[in-house]
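*Asks:* Structure provided below as structure tokens; questions to follow.
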Amino acid sequence: MSLPSLRLKANADRRLRAGHLWVYSNEVDVAATPLQGLKAGQQAILESASGKPLGVVAVSPNNLICARLLSRDAKLPLDKSLLVHRLNVALSLRERLFDKPCYRLVYGDSDLLPGLVVDRFFDILVVQLASATMEAHKDEVIAALVQVLKPSGILFKNDSAARDAEGLGRYVETVYGEVPDWVALEENGVRFEAPVREGQKTGWFYDHRMNRARLAPYVKGKRVLDLFSYIGGWGVQAGAFGASEVFCVDASGFALDGVERNAALNGISEKLTCIEGDVFEALRELKAAEERFDVIIADPPAFIKRKKDLKNGEAAYRRLNEQAMRMLNKDGILVSASCSMHLPEDDLHNILLTSARHLDRNLQLLERGGQGPDHPVHPAIAETRYIKSITCRLLPNS
Numbered sequence: 001m002s003l004p005s006l007r008l009k010a011n012a013d014r015r016l017r018a019g020h021l022w023v024y025s026n027e028v029d030v031a032a033t034p035l036q037g038l039k040a041g042q043q044a045i046l047e048s049a050s051g052k053p054l055g056v057v058a059v060s061p062n063n064l065i066c067a068r069l070l071s072r073d074a075k076l077p078l079d080k081s082l083l084v085h086r087l088n089v090a091l092s093l094r095e096r097l098f099d100k101p102c103y104r105l106v107y108g109d110s111d112l113l114p115g116l117v118v119d120r121f122f123d124i125l126v127v128q129l130a131s132a133t134m135e136a137h138k139d140e141v142i143a144a145l146v147q148v149l150k151p152s153g154i155l156f157k158n159d160s161a162a163r164d165a166e167g168l169g170r171y172v173e174t175v176y177g178e179v180p181d182w183v184a185l186e187e188n189g190v191r192f193e194a195p196v197r198e199g200q201k202t203g204w205f206y207d208h209r210m211n212r213a214r215l216a217p218y219v220k221g222k223r224v225l226d227l228f229s230y231i232g233g234w235g236v237q238a239g240a241f242g243a244s245e246v247f248c249v250d251a252s253g254f255a256l257d258g259v260e261r262n263a264a265l266n267g268i269s270e271k272l273t274c275i276e277g278d279v280f281e282a283l284r285e286l287k288a289a290e291e292r293f294d295v296i297i298a299d300p301p302a303f304i305k306r307k308k309d310l311k312n313g314e315a316a317y318r319r320l321n322e323q324a325m326r327m328l329n330k331d332g333i334l335v336s337a338s339c340s341m342h343l344p345e346d347d348l349h350n351i352l353l354t355s356a357r358h359l360d361r362n363l364q365l366l367e368r369g370g371q372g373p374d375h376p377v378h379p380a381i382a383e384t385r386y387i388k389s390i391t392c393r394l395l396p397n398s
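Just so we're aligned, residue 1 is where the sequence shown starts under UniProt numbering, counting upward by one.
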């Protein structure tokens, strides 16, 4: 296959040689290789200013990140063979880590497959194609997944906003075998079913697996409040780990139906209470009712989706954590999480400290967690690290 060239300006290859995978539009020598001469989804040979091949890139000519490195070997473009190889490399890590085939199998750039996410639910695969290049190779993606994993069903969950920037339409489609509306998974020994068609993202969030496992010693015999519960990833596990009572709060009735479904799967329905509504309003009502909890989990959606949202987002995180702290018993545990890539962990740390001092309480930081190893961080790409989880203890100021 003959590929067009994409040439960089002088010295623009330094970051890529140091390990990065992205090319920005202002780094391209458009006089030598006009970006507008390429189409979204094409592959190209990336060249240094001197014309030396640096590898094969997936091209997005209309975006600030106009190309992403697929291979550092100019003779290895994205095709079924490369996909099979990358999938086998990704699979070897996950099989080493987990005893059940329930995990994120492919995490985009970190698994050297930019624009591709694959979550595995036993023999069901849920796939997200976020780039025009992956969309153009969707048949090869399906064939490679079938060859490597022999699934009973593959669902393309291509309804994310990331596709808009690539000029791609949104759709959800079963592309291989059969995929039910709710699929089984197991996490930390607890059984779940996830709504892969109608649910958020791929239907489940494997990224907090290790942080949820850390709940076990804190929740036994305790009263637990799970905020932004979705389908019970934290709350149902708290119940299964021995909590005496668990309250799950979410604005979505559909999500809370999932909480009840998953509580029943684990025989803990009698421990679970679901509260439907705005989380901040629910916190005010619980406080007015003089409810108190031993453990509170605050794992909200991303309050900071863009850098310009930083100030308002930080205020939202402080408001949430401070209201949660007001609901804790004297020796209470708060698990504060963030999936906002633009919020550094130290900033979340400072928000917790400021909130505790505002309430005249002492704070102990007990554990810090990130995303699980099935969401590996690319060391040159800070954007691949987004999950923060801080477990802290709130004590009286005496």
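Don't be surprised by glycine CBs; every beta carbon is placed ideally from N, CA and C.
Using only alpha-carbon positions, find the residue among N63, G41, L256, K52 that is nearest to A165.
*Replies:* Start at 1 with the first residue of the sequence shown, and residue 165 comes out as number 165. Of N63, G41, L256, K52, the residue nearest in Cα terms is N63.
*Asks:* Let's test the definition: count the other Cβ atoms within 10 Å of the Cβ of H378 and tell me whether it reaches 16, buried, or not, exposed.
*Replies:* Numbered from 1 along the sequence shown, position 378 holds the residue referred to as residue 378. Answer is buried; the Cβ neighbour count reaches 16.
*Asks:* Kindly indicate which residue of A263, L69, G37 has the alpha-carbon position closest to the one of Y24.
*Replies:* The residue you call residue 24 lines up with position 24 of the sequence shown. Selected option, being the one with the closest Cα: L69.
*Asks:* Would you identify the three-state DSSP class for P53, choosing helix, strand or coil?
*Replies:* To locate residue 53, count along the sequence shown from 1; it is residue 53. Three-state result, P53: strand.
*Asks:* Determine the DSSP secondary structure at S110, reduced to helix, strand or coil.
*Replies:* For the purposes of this step, residue 110 is taken as residue 110 along the sequence shown, with counting starting at 1. When DSSP states are grouped into helix, strand and coil, S110 belongs to the helix group.
*Asks:* Count the other CB atoms, across all protein chains shown, that sit within 10 Å of the CB of Q42; report buried if there are 16 or more and exposed otherwise.
*Replies:* Residue numbering aside, residue 42 sits at position 42 when the sequence shown is read from its first letter. The residue in question, Q42, is buried, as its Cβ has 16 or more Cβ neighbours within 10 Å.
*Asks:* Assuming I45 and P53 make a contact with CB atoms under 8 Å, what is their CB distance in whole Å?
*Replies:* On the sequence shown, residue 45 is found 45 positions in, with the first residue counted as 1. On the sequence shown, residue 53 is found 53 positions in, with the first residue counted as 1. I45 to P53, Cβ: 5 Å. Contact.
*Asks:* For E178 and K330, what's the separation of their Cα atoms in angstroms?
*Replies:* Residue numbering aside, residue 178 sits at position 178 when the sequence shown is read from its first letter. Residue numbering aside, residue 330 sits at position 330 when the sequence shown is read from its first letter. The alpha-carbon atoms of E178 and K330 are separated by roughly 51 Å.
*Asks:* Have a look at E285 and K201 and give me their C-alpha separation to the nearest angstrom.
*Replies:* Sequence index remark: in the sequence shown, residue 285 carries index 285 (1-based). Sequence index remark: in the sequence shown, residue 201 carries index 201 (1-based). Spanning the two alpha carbons is a distance of roughly 30 Å.
*Asks:* Could you give the distance in angstroms between the alpha-carbon of H57 and the alpha-carbon of A67?
*Replies:* Along the sequence shown, one-based indexing puts residue 57 at 57. Along the sequence shown, one-based indexing puts residue 67 at 67. For clarity, residue 57 is Val in the given sequence; the question names His instead. Distance between the alpha carbons of V57 and A67: 6 Å.
*Asks:* What's the call for A243, buried or exposed, on a 16-neighbour Cβ count within 10 Å?
*Replies:* Counting from one through the sequence shown, the residue named residue 243 turns up at place 243. Answer is buried; the Cβ neighbour count reaches 16.
*Asks:* At a cut of 8 Å, does the region 97-104 reach the region 124-131 through at least three beta carbon pairs?
*Replies:* Short answer: they don't touch.
*Asks:* Determine the burial state of D111: buried for a count of at least 16 other Cβ atoms within 10 Å of its Cβ, exposed for fewer.
*Replies:* For the purposes of this step, residue 111 is identified with residue 111 of the sequence shown, where counting begins at 1. Flag for D111 reads buried.
*Asks:* Closer than 8 Å by C-beta to A10: which residues in its own chain qualify, once you throw out the five before and the five after it? Chain order, please.
*Replies:* In the sequence shown, residue 10 corresponds to position 10, counting from 1. Cβ within range, chain order: A49.
*Asks:* With DSSP collapsed to three states, give me the class of I351.
*Replies:* Here residue 351 refers to the residue found at position 351 of the sequence shown. Correct three-state label for I351: helix.
*Asks:* So what does T273 bridge to, in DSSP terms?
*Replies:* The residue labelled residue 273 in the question sits at position 273 within the sequence shown. Answer is F247, bridged to T273.
*Asks:* With 16 as the cutoff for other CB atoms within 10 Å, does D13 come out buried or exposed?
*Replies:* Taking the sequence shown and counting its residues from 1, the one referred to as residue 13 is at position 13. Answer is buried; the Cβ neighbour count reaches 16.
*Asks:* In whole angstroms, what is the alpha-carbon distance linking I268 and D309?
*Replies:* The sequence position of residue 268 within the sequence shown is 268, counting from 1. The sequence position of residue 309 within the sequence shown is 309, counting from 1. About 39 Å.
*Asks:* Any chance the region 341-357 sits against the region 386-398, with 3 or more Cβ pairs inside 8 Å?
*Replies:* yes
*Asks:* Report, in whole angstroms, the separation of the C-beta atoms of E47 and L6, which I expect to be a contact under 8 Å.
*Replies:* Here residue 47 refers to the residue found at position 47 of the sequence shown. Here residue 6 refers to the residue found at position 6 of the sequence shown. Right, their Cβ atoms sit about 7 Å apart.
*Asks:* Using only alpha-carbon positions, find the residue among R15, L16, V59 that is nearest to P4.
*Replies:* Working through the sequence shown from its first residue, we reach residue 4 at position 4. P4 has its Cα closest to that of V59, out of R15, L16, V59.
*Asks:* In the DSSP assignment, the beta strand (DSSP E) including Q364 goes from what residue to what residue?
*Replies:* As a first step, residue 364 is located in the sequence shown; it is residue number 364 there, counting from the start. Q364 -> beta strand (DSSP E) spans 361-369.
*Asks:* Going by the beta-carbon positions, is the gap between N262 and G239 smaller than 7 Å?
*Replies:* Your numbering for residue 262 matches position 262 in the sequence shown. Your numbering for residue 239 matches position 239 in the sequence shown. Taking 7 Å as the Cβ cut-off, N262 and G239 do not qualify as a contacting pair.
*Asks:* Mind checking W321: buried by the 16 CB within 10 Å criterion, or exposed?
*Replies:* Translated into positions along the sequence shown, residue 321 becomes position 321. Residue 321 is actually Asn in this sequence, not Trp. That one is buried.
*Asks:* Strictly by DSSP, which residues pair up with E314?
*Replies:* Walking along the sequence shown from the start, residue 314 turns up at place 314. In DSSP, E314 forms no bridge with anything.
*Asks:* Just mark L97 as buried or exposed, buried being the case when its beta carbon has 16 or more other beta carbons within 10 Å.
*Replies:* Reading the sequence shown from its first residue, position 97 is the one you call residue 97. Flag for L97 reads exposed.
*Asks:* Going by Cα to Cα distance, which pick from W204, D207, E245, N211 is closest to V224?
*Replies:* Locating residue 224 in the sequence shown gives position 224, counting from the first residue. It is E245.
*Asks:* Going by DSSP in three states, Q128 sits in which element: helix, strand or coil?
*Replies:* As a working mapping, residue 128 is identified with position 128 in the sequence shown. Judged by DSSP in its simplified three-state form, Q128 adopts strand.
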